[in-house]
Amino acid sequence: MMQRAATIALLLAAIAFPLAMQALDQAYYISFASRIMIYALAATSLNLILGYGGMISFGHAAFVGAGTYVAGIMIVEGMPGALIGWPLAMLLPGLLALAIGAVSLRTRGVYFIMITLAFAQMIYYLTVSMKAYGGEEGLTLPGRSTLPFVDLANDSNFYYTVLALLVLTLLLLNRLVSSRFGRVIEAIRENETRMEAIGFPTQRYKLACFVIAGAFGGLAGALLANHGSYVNPSILHWTQSGNLMIMVILGGVGFRYGGLIGALTLLGLEEFIANHKIGWIADLYPNYQQHSLLGVGIVLLVIVLYAPQGIAGLFLRNKQGGGHG
Amino acid sequence: MSGILILEQSLNGLQFGLMLFLLAAGLTLVFGIMDMINLAHGSIYMVGAFLAATLVQATGSFTAGVLLAVPATAVIGMLLEVSILRSLYTRDHLSQVLATFALILISNEVVRIIWGSDVALSTPAALSGPVELIPGLFYPSYRLLIIGVGLAVALLLYFIVAKTRIGMLVRAGASNREMATAMGVNIKLLFTLVFGFGAALCAVAGAMLGPIFAVQVGMGDNILILAFVVIVIGGIGSIRGALIGSVLVGFVDTFGRAFMPHLLREFLPPQFASAVGPALASILIYVLMAAVLFWKPQGLFPARG
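So the protein lines, in turn, are chains A and B.
Counting in the working numbering, the first sequence runs without a single skipped number right up to 636 at its last residue.
Counting in the working numbering, the second sequence runs without a single skipped number right up to 306 at its last residue.
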């Protein structure tokens, strides 16, 4: 009951946010909040395989990046309709995940980490080589995708579109996680051999999970391409996969809102360090704000070493009694 | 494609492969003995290169600078191991990946604060010119030095691992850690030493490659991934696998870059070939790795029996 009330309050706050920012003349934060929500979507999709499925994929940036390129290329090629472009930006990364997953899921443990990384690197170099679409420099898009009745060029409209898609995705994935499919996925994470012995086609379940995560990663990518109106290979760099993993673990691996909390924390922290001067640190080292990643790194290290359940874990520990652990 | 060109590219491949080996050797031992994924290995390589550049400048001698940078980096590596990495051995791979990823962010920024984004490190003046190896083949003498150093270190490593008592302990630890501990091996101390040694090798690679690539923040991020590719291909924990994997990756990468565009031009339109060639060359080693994992999931030379 408490949780539902909190969710509704949060949702109302998110709906009111652009109005408040416009009233305060802080329009920049509308765009910033959109970015957080897009990364929340990407991290949530990764959390599905990482947290619930126990598949440590070190290549999720490939799917997000593929989504950015699909959406970006559609816009550049004169087909900006989001109703076609965005589903396509889920379909193609989903297919990519099908191909990558089919090979990668044959390996276990550390080899799975490495092979997903290898595939992501291949996609990265492929995008670098696409000279027609800017190669290493990437593409600047002439505008955002178009939706009927909604002008996405307006930052507030774009914000509400992203919010709607994020809420929809969270509802859908939460539903999925508590369905029979989700239970099977979690059970496979706990004991794959046993699930196989009971007669579940574990490989197929894992592959389906991997594909769903890839497709939603692609959706996040499509939104990301629209958000900044550019597409470039750096979105597919392996460190981006690392960043998405950071968000998931910061928020809490396998917690429903882990991806959201993680994206909010990481991007919020970066923003805070870069734009808010703290007197006593500035006294010690005047240029410290150019090194916001140092702060991010230290916070991450402390979280991994001392709070392995992430931020959601800190708050939910008493309630759930580590049942999700 | 002339014979001289092939010979020249072979030397380039060997040189790159041997430097990869210096990175991969430390990584594979850390990975093999403690089952620990250390993404910060690339950062140690970066720190080694920065230290070398500073010390070369301070001493005015390339040799002295590099020889000082190597033990200094080893000490930094051991401090890192004792203070942070040691507590990660018993944790799962996900925690290791994230904690060491955090170390990458931290060390990139700390290096930026201390040195700035890059420092200059140039080839020693005596070795700046090319030498004529065989008639018609001029090869940069500095690259020959790299090959020499790489071979010497590889031999030294082989001698230590295969012939000495400490090497025997390392091999024992890599093939079965629990058994080695049960037999009374002080695995903690052993591991700090191995880590320091790995850091020293990183410094050698960083210092030697510094004049060829640039000594800059983030220089370890990409080569780290190549080192991982090498050890996965070679078999985690195996020094021999790391050597063969390194040379293989060095050759495939160098030859791919040199000849792939020509090769594609034979049966593709030239414009398309010159666009796709370099990308295919970059992808080649990852294809190699995926193929090895697909058919030999433990790598070519698995260390565990």
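Note that beta-carbon positions come from the ideal geometry of N, C-alpha and C, so glycine has one too.
A quick note: this is a predicted structure, and the numbers were derived from the prediction, not measured.
Check this for me: beta carbons of residue i and residue j, under 8 angstroms apart or not?
i	j	result
Val233 (chain B)	Leu285 (chain B)	no
Ile572 (chain A)	Ser603 (chain A)	no
Asn543 (chain A)	Glu448 (chain A)	yes
Leu452 (chain A)	Val387 (chain A)	yes
Tyr363 (chain A)	Ile496 (chain A)	yes
Gly246 (chain B)	Gly235 (chain B)	yes
His42 (chain B)	Gly18 (chain B)	no
Ala372 (chain A)	Gln551 (chain A)	yes
Ala155 (chain B)	Phe22 (chain B)	yes
Ala354 (chain A)	Gly562 (chain A)	yes
Pro131 (chain B)	Phe63 (chain B)	no
Ala25 (chain B)	Ala228 (chain B)	yes
Ser342 (chain A)	Asp462 (chain A)	no
Ala280 (chain B)	Ser356 (chain A)	no
Ile226 (chain B)	Gln432 (chain A)	yes
Gln16 (chain B)	Ala259 (chain B)	no
Gly569 (chain A)	Phe374 (chain A)	no
Gly49 (chain B)	Gly207 (chain B)	yes
Ala282 (chain B)	Gly257 (chain B)	yes
Leu481 (chain A)	Met348 (chain A)	no
Under the DSSP definition of a beta bridge, which residues are partnered with residue i?
i	result
Asp119 (chain B)	B:Gln217
Leu450 (chain A)	A:Val542
Pro131 (chain B)	B:Pro141
Leu458 (chain A)	A:Val461
Pro392 (chain A)	Note that residue 392 (chain A) corresponds to Gly in the displayed sequence, not to Pro. According to DSSP, Gly392 (chain A) bridges with A:Thr457.
Quick check on this structure: which residue in the options has the alpha carbon closest to the alpha carbon of residue i?
i	options	result
Ala204 (chain B)	B:His42, B:Met35, B:Val71, B:Ala282	B:Val71
Ile45 (chain B)	B:Ile7, B:Thr101, B:Leu89	B:Thr101
Ala200 (chain B)	B:Ser176, B:Thr29, B:Pro279, B:Thr91	B:Thr29
Pro619 (chain A)	A:Pro597, A:Ala574, A:Leu577, A:Ile560	A:Ile560
Thr457 (chain A)	A:Leu394, A:Glu501, A:Phe521	A:Leu394
Ala183 (chain B)	B:Leu170, B:Thr193, B:Leu194	B:Leu170
Met385 (chain A)	A:Tyr541, A:Pro597, A:Leu321	A:Tyr541
Gln601 (chain A)	A:Ile341, A:His587, A:Arg515	A:His587
Gly493 (chain A)	A:Gly510, A:Asn502, A:Cys520, A:Arg515	A:Cys520
His538 (chain A)	A:Ser490, A:Ala464, A:Gly528	A:Ala464
Ile609 (chain A)	A:Leu577, A:Leu407, A:Gly624	A:Leu577
Asn109 (chain B)	B:Phe51, B:Lys189, B:Arg266	B:Phe51
Leu409 (chain A)	A:Gly606, A:Val522, A:Gly570, A:Val613	A:Val522
Ala1 (chain B)	B:Ser3, B:Ala274, B:Met37	Limits of chain B in this structure are 2 at one end and 306 at the other, which puts residue 1 (chain B) out of reach.
Ala276 (chain B)	B:Ser283, B:Pro262, B:Leu289	B:Pro262
Ile302 (chain A)	A:Leu535, A:Gly378, A:Arg455, A:Leu625	Summary: the structure shown does not reach residue 302 (chain A), with chain A confined to residues 312 through 636, and so no result is reported for it.
Phe566 (chain A)	A:Ala338, A:Ile360, A:Ile319, A:Leu322	A:Ile360
Leu12 (chain B)	B:Leu146, B:Ile240, B:Val162	B:Leu146
Can you list the residues of chain B that residue i reaches, using a CB-CB cut of under 9 angstroms?
i	result
Phe369 (chain A)	Val98
Met506 (chain A)	Within 9 angstroms Cβ-Cβ: nothing; Met506 (chain A) doesn't reach chain B, min ~20 angstroms.
Thr379 (chain A)	Result: empty, since nearest Cβ-Cβ is about 18 angstroms, beyond 9 angstroms.
Arg346 (chain A)	Near Arg346 (chain A) there are no residues of chain B at all, since even the closest Cβ is about 19 angstroms away, more than 9 angstroms.
Met655 (chain A)	Outside the displayed span of chain A (312 to 636) sits residue 655 (chain A), for which this structure offers no information.
Ile509 (chain A)	In chain order: nothing, as chain B lies at least about 25 angstroms away.
Using a C-beta to C-beta distance shorter than 7 angstroms, which residues of chain B count as neighbours of residue i?
i	result
Tyr436 (chain A)	Ala280, Ser283, Ile284
Trp549 (chain A)	Ile226
Ser440 (chain A)	Ala276, Val277, Pro279, Ala280
Pro619 (chain A)	Ser96
His602 (chain A)	Glu110, Arg113, Ile114
Gln432 (chain A)	Ile226, Tyr287
Leu409 (chain A)	Near Leu409 (chain A) there are no residues of chain B at all, since even the closest Cβ is about 16 angstroms away, more than 7 angstroms.
Val607 (chain A)	Leu106
Gly553 (chain A)	Phe102
Residues of chain A with CB under 7 angstroms from residue i, in chain order?
i	result
Met290 (chain B)	Ala429
Glu88 (chain B)	One detail in the question is off: residue 88 (chain B) reads as Ser in this sequence, not Glu. Per Cβ cutoff of 7 angstroms: Leu616.
Ala215 (chain B)	By Cβ distance, chain A contributes nothing, its closest Cβ being about 17 angstroms from Ala215 (chain B), past 7 angstroms.
Using a cut-off of 8 angstroms between C-beta atoms, extract the partners of residue i located in chain A.
i	result
His94 (chain B)	Ile367, Gly420, Val421, Ile424
Val57 (chain B)	By Cβ distance, chain A contributes nothing, its closest Cβ being about 26 angstroms from Val57 (chain B), past 8 angstroms.
Leu12 (chain B)	Result: empty, since nearest Cβ-Cβ is about 25 angstroms, beyond 8 angstroms.
What does residue i reach in chain B if we use C-beta pairs closer than 8 angstroms?
i	result
Ile572 (chain A)	Those do not exist, as Ile572 (chain A) stays about 16 angstroms from chain B at its closest Cβ, beyond 8 angstroms.
Gly417 (chain A)	First, the amino acid is wrong: residue 417 (chain A) is Arg here, not Gly. The contacting residues are Phe295, Pro298.
Val414 (chain A)	Ala291, Phe295
Starting from the beta carbon of residue i, find every residue of chain A whose beta carbon is closer than 9 angstroms, and list them in chain order.
i	result
Asp222 (chain B)	His548, Trp549, Thr550
Val233 (chain B)	Val421, Tyr422, Met425, Ile426, Ala429
ask   = Counting pairs of Cβ atoms below 8 angstroms between the stretch 209 to 217 of chain B and the stretch 71 to 81 of chain B, do you hit three or more?
value = no
ask   = Any chance the stretch 125 to 139 of chain B sits against the stretch 192 to 199 of chain B, with 3 or more Cβ pairs inside 8 angstroms?
value = no
request  = Kindly confirm or deny that the stretch 319 to 336 of chain A and the stretch 506 to 516 of chain A touch, where touching means at least three C-beta pairs closer than 8 angstroms.
outcome  = no
request  = Determine contact between the stretch 264 to 276 of chain B and the stretch 408 to 419 of chain A, defined as no fewer than three beta-carbon pairs at a distance below 8 angstroms.
outcome  = no
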